[in-house]
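Q: According to my numbering, the sequence shown is numbered sequentially starting from 606.
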Amino acid sequence: FNPKVSDWNDVDDSTKPSIYVDKARSNLFKQFKSEFIHITQMIKALPTDGDEIAKITHLFFGKDSKIYRCFNDAIGLPHDKFCQFFATFLFVSNGGRKRRL
Numbered sequence: 606f607n608p609k610v611s612d613w614n615d616v617d618d619s620t621k622p623s624i625y626v627d628k629a630r631s632n633l634f635k636q637f638k639s640e641f642i643h644i645t646q647m648i649k650a651l652p653t654d655g656d657e658i659a660k661i662t663h664l665f666f667g668k669d670s671k672i673y674r675c676f677n678d679a680i681g682l683p684h685d686k687f688c689q690f691f692a693t694f695l696f697v698s699n700g701g702r703k704r705r706l
């Protein structure tokens, strides 16, 4: 994770140091924006009848989703049991409160 000592360079004392205020926040926002646009485009490209919730559900929890394939490969969980498990997990993680989307 950290660079090796041999990779460090001496500081050039002839230049003034640069100070950036809030640079990390702007970089983080740019990253969020690009990921948001990418995910939005993925959802819009899904073939469904226009129901956004159905698109998102299919993307994350459908039979072709990476999450389901991981569960199926690891423990051989059928898709209907996977859906029941995840519905219970999401309900409990919400403190048992129902929410409308």
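From the three backbone atoms N, C-alpha and C, an ideal C-beta is built for every residue, glycine too.
1. How big is the Cα-Cα spacing for residue 547 and residue 662?
2. Work out the CA separation of residue 687 and residue 673 for me, nearest whole Å.
3. Indicate, with yes or no, if the ligand NAP has a heavy atom lying under 7 Å from the CB of residue 697.
4. Using 10 angstroms around the beta-carbon of residue 660, count the other beta-carbons present and answer buried if the total reaches 16, otherwise exposed.
5. Cutting at 8 Å between CB atoms, please list the residues of its own chain near residue 667, excluding the five before and the five after it.
6. With H, G and I counted as helix, E and B as strand and the rest as coil, what does DSSP make of residue 638?
A: The structure says:
1. This structure leaves residue 547 out entirely; the chain is present only between 606 and 706.
2. 7 Å
3. Among the ligands in the structure shown, none appear at all, so the ligand NAP cannot be discussed.
4. buried
5. 673
6. helix
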